[in-house]
Structures are given as structure tokens and as C-alpha cells.
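For reference, the structure is listed below as C-alpha cells.
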Amino acid sequence: MNCSTPSFRGEIAKLPLLEIDSLAVDYRTSRGTVHAVNDVSFFLEKGETLGLAGESGSGKSTLGLSIIRLVPYPGVIGGGQIKIDGRDIVALPEHEMQTFRGTKVAYVFQDPMISLNPVKKIGAHFVELIRTHEPNVSKKEAFERAKTVLKNLGIQPERINDYPHQFSGGMRQRIMIGLAIALNPDLVIADEPTTALDVIVQAKILDLLESLRKAYQMALILISHDLSIILERCDKIIVMYAGHMVEYADGTELHGRPAHPYTQKLLQSIPNIELSDQKLTAIPGSPPDMLNPPNGCRFWPRCSCTMEICRVKEPLLISIGRNHLVKCFLYGEKGVQSE
Ligand SMILES: Nc1ncnc2c1ncn2[C@@H]1O[C@H](COP(=O)(O)OP(=O)(O)O)[C@@H](O)[C@H]1O
Ligand SMILES: [Mg+2]
Numbered sequence: 002m003n004c005s006t007p008s009f010r011g012e013i014a015k016l017p018l019l020e021i022d023s024l025a026v027d028y029r030t031s032r033g034t035v036h037a038v039n040d041v042s043f044f045l046e047k048g049e050t051l052g053l054a055g056e057s058g059s060g061k062s063t064l065g066l067s068i069i070r071l072v073p074y075p076g077v078i079g080g081g082q083i084k085i086d087g088r089d090i091v092a093l094p095e096h097e098m099q100t101f102r103g104t105k106v107a108y109v110f111q112d113p114m115i116s117l118n119p120v121k122k123i124g125a126h127f128v129e130l131i132r133t134h135e136p137n138v139s140k141k142e143a144f145e146r147a148k149t150v151l152k153n154l155g156i157q158p159e160r161i162n163d164y165p166h167q168f169s170g171g172m173r174q175r176i177m178i179g180l181a182i183a184l185n186p187d188l189v190i191a192d193e194p195t196t197a198l199d200v201i202v203q204a205k206i207l208d209l210l211e212s213l214r215k216a217y218q219m220a221l222i223l224i225s226h227d228l229s230i231i232l233e234r235c236d237k238i239i240v241m242y243a244g245h246m247v248e249y250a251d252g253t254e255l256h257g258r259p260a261h262p263y264t265q266k267l268l269q270s271i272p273n274i275e276l277s278d279q280k281l282t283a284i285p286g287s288p289p290d291m292l293n294p295p296n297g298c299r300f301w302p303r304c305s306c307t308m309e310i311c312r313v314k315e316p317l318l319i320s321i322g323r324n325h326l327v328k329c330f331l332y333g334e335k336g337v338q339s340e
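What follows is the structure in C-alpha cells.
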């Protein structure tokens with residue numbers, strides 16, 4: 002681990018399920034290079050939940066997709082390691098990666114209609130997935146397994162013969178979750194799984210994801226631009242801003258002691274029904290053009306605490322407490338390394 006990303010897992014001896022170290026992902030476009038993910042490091046244990054929060058364009062999906070090595074063209078993993086069960090997958094041959102996808106790590110995309118084939122019945126999606134990874138399973142057996150999954154999703158098993166368009170948006174997203182868990186992976190990455198849905202359906206889907214996660218003992222990375230959803234549902238939280246991990250903390254710590262001015266602003270923009278006189282504030286300005294991000298701290302043009310140094314130098318990610326990291330000069334120029 003390099004010096005700008007202090008390690009904070011000194012007390013953990015066993016291998017974590019997922020360990021990301023100094024990850025960098027770039028989009029090499031004809032107009033220039035977008036450094037969409039810079040120097041991101043974290044780890045995740047079996048059964049844990051991690052939330053990735055931050056405005057649109059902050060690099061959340063790019064980070065998530067890099068974990069299953071599906072960053073779209075012209076994206077490339079520019080550096081760092083992604084270890085799953087101790088094995089670095091960055092340079093893994095594609096055929097081995099295909100085995101990893103679904104069985105070790107599965108991805109739930111925001112828009113189910115992109116992932117579901119409109120001319121294929123729901124059952125066929127499950128059967129194909131199961132038999133691709135487990136060729137010895139018969140069609141009939143795969144079909145029965147699919148029916149059980151549908152039942153666990155709260156969908157009548159008879160609907161296995163329906164086509165994707167015959168389901169509501171919420172049900173389609175349930176089916177996507179079902180496809181993600183069908184092979185019992187250790188980690189599910191859910192990328193804005195409920196953003197396109199209304200709030201009631203949203204809560205139901207997130208509850209379903211949570212109960213399945215517990216039942217199947219999976220770890221979950223939940224990606225959302227909505228910090229309130231992440232706070233409600235995740236053990237650990239990473240706040241991303243313009244491709245940088247600007248804060249990392251446990252959920253309660255981040256809620257009670259947000260350190261980065263960006264996190265503080267995000268929290269101030271969440272309505273709290275228990276506070277009758279709450280003043281909601283929006284974050285001024287907009288995220289930077291990622292082809293030409295500002296020098297120094299990427300948040301300084303929108304920050305109310307900007308100092309001279311913030312405009313010229315990029316802060317390090319420093320430790321400010323147990324399992325609490327922040328990338329901000331308000332906490333000193335170098336900070337206290339945790340190791
Ligand atoms: N296919 C692509 N080509 C070029 N740039 C991309 C591509 N996909 C994403 N980006 C850029 O990478 C940055 C991060 O995008 P993304 O990971 O989708 O953010 P988020 O999921 O937080 O909204 C954005 O600035 C975006 O413009
Ligand atoms: Mg995204």
C-alpha cells in the first residue's frame with residue numbers, strides 16, 4: 002500500500018474477501034484522459050456491507066465495474082490491485098474472469114431492461130446462467146432452482162414463463178437481484194438498484210436485498226448517489242468526489258462525525274423528519290469537468306473552508322480515528338498514518 006493510503010486493517014489477520022489497493026481507472030478518450038478512479042484502497046470482509054456514495058460522475062460505477070472487470074471501453078485499469086480471496090484479478094485471463102463473475106461476484110445494474118433479453122422468458126435467463134457455470138445441472142433442475150429463487154423474491158414461480166416486459170419495473174429489478182444471487186456469490190455489487198423506482202418500491206427492493214444478503218451470507222457493495230440510503234443500510238461507507246475517495250468511515254461514525262466538508266454538505270442536504278426546523282442546504286456549484294479537474298483538492302471550488310494550500314496541492318488520505326480516513330487539509334498537511 003502506498004504512503005497516501007494508510008492501511009487500517011492491522012488487527013485483521015485473515016484474508017479479506019475483497020481487497021483493493023491503490024486502484025486507478027482511466028478513460029482514455031479522444032479528448033483526453035479522464036482519471037475516473039484514483040488511488041482507491043479498501044477491504045471488505047465476508048458478509049459486510051459497504052456503501053459507495055457521491056454525486057453522479059464521481060466514479061462509483063467505474064469503481065464497481067472494475068471489481069468484475071467490466072469497465073467499458075475506453076476505460077482501463079491503470080494501476081493497483083483488486084484481490085478477491087487473496088487473488089489479484091487485474092491481470093486474470095478473461096476466461097477465468099468469466100468464472101468469477103456470477104459465482105464469486107455479481108453485479109446488479111441500474112436498468113434491468115439493459116441486462117434482460119426482451120425476447121427471452123425469465124426462466125430461460127436463469128437456466129442459461131446456471132448451466133453456463135454449472136454444466137452438469139440439468140435443464141429441469143435449473144428450472145426448479147429458478148422457481149425457488151423467484152419464490153424468495155416474492156414473485157409467483159408460475160411467472161417463470163413470462164417475458165421481461167410483462168413485469169413492472171420493481172419486479173424486473175427483483176429478477177435482476179435473483180439472477181445476481183442465483184449462483185450464490187460471495188459479493189453482490191448493486192449499482193443504483195432502485196434509482197429508477199418510486200420510493201415505496203425502492204424501500205421494498207432494498208429490504209429484499211438485505212434479507213437475501215443475510216440468508217445467502219453475501220457481502221454487498223451498494224452504490225447510490227443518495228447518502229441517506231447508504232447510511233441506512235451499510236456498515237462501512239466510502240464517499241467519492243470526482244474520482245477520489247474523500248472519506249471512509251463506519252456508518253455511525255460518518256453520520257455522527259462527518260469530517261470532509263463535502264460529506265458534511267451531503268448530510269446537510271438530507272431531509273430529517275425528526276427535525277422540524279431543519280435547514281436543508283444544497284451544495285453550491287457542480288462537479289468538475291473530469292477532463293480538466295481543478296488543481297489541488299478537487300472539491301475546493303465548491304468548498305466553504307478552502308485554504309490557499311487546497312488550490313495548489315492534493316491532500317493525502319489520512320487517518321483521523323479508528324477506521325476513519327479523510328482527504329482534506331483541514332486535518333493537517335500530513336495527518337497521522339495509522340501504521
Ligand atoms: N465510457 C466512458 N467514456 C468516457 N468517460 C467515461 C465513460 N464512463 C464514465 N466516464 C467518466 O468517468 C467519470 C466517472 O463516471 P461513473 O463511474 O459513471 O460515475 P458515477 O457512477 O459516480 O456516476 C465521469 O466523469 C464520466 O464522465
Ligand atoms: Mg453510476
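Offset between the sequence shown (1-based) and my numbering: plus 1. No residue lacks a Cβ here, since even glycine has one placed at the ideal position from N, Cα and C. In this text the structure is predicted, and so the values were computed from the model without any measurement.
Asked, Found
"Start-end ranges of the beta strand (DSSP E) lying completely within the stretch 185-267, minimum 3 residues", "188-192, 220-225, 237-242 and 245-251"
"Three-state secondary structure (DSSP) of Gln338", "Residue placement at Gln338 cannot be trusted, given a pLDDT of 38 that sits under 50; the coordinates are not used to answer."
"Touching by the beta-carbon criterion (3+ pairs, under 8 Å), the stretch 70-83 and the stretch 28-44", "yes"
"beta-carbon Ser287 near ligand 3 non-hydrogen atom, thresh 8 Å", "Only ligand 1 and ligand 2 can be found as ligands here, which leaves ligand 3 out of the picture."
"Segments of 3+ residues assigned as beta strand (DSSP E) that fall wholly inside the stretch 23-83", "33-45 and 50-54"
"Simplified DSSP state of Ala181, which is helix, strand or coil", "helix"
"Neighbour-count burial assignment, Thr282, 16 or more Cβ in a 10 Å radius", "exposed"
"N- and C-terminal bounds of the alpha helix (DSSP H) containing Ala125", "Ile123 to His134"
"N- and C-terminal bounds of the alpha helix (DSSP H) containing Gly286", "Unbroken run through Gly286: none, as it is neither H nor E."
"Met1 Cβ short of 8 Å to ligand 1 heavy atom set", "With the chain running from 2 to 340 in the structure shown, residue 1 is simply not present."
"Local conformation of Ser320 per DSSP, three classes", "strand"
"Buried or exposed by the 16-neighbour rule on C-beta atoms within 10 Å, applied to His126", "buried"
"Neighbour-count burial assignment, Leu24, 16 or more Cβ in a 10 Å radius", "buried"
"Ile224 Cβ short of 8 Å to ligand 2 heavy atom set", "yes"
"Continuous beta strand (DSSP E) stretch holding Leu326: start and end", "His325 to Val327"
"Span of the beta strand (DSSP E), counted from its first residue to its last, around Ala107", "Val106 to Val109"
"Identified DSSP bridge partners for Glu20", "Phe44 and Lys84"
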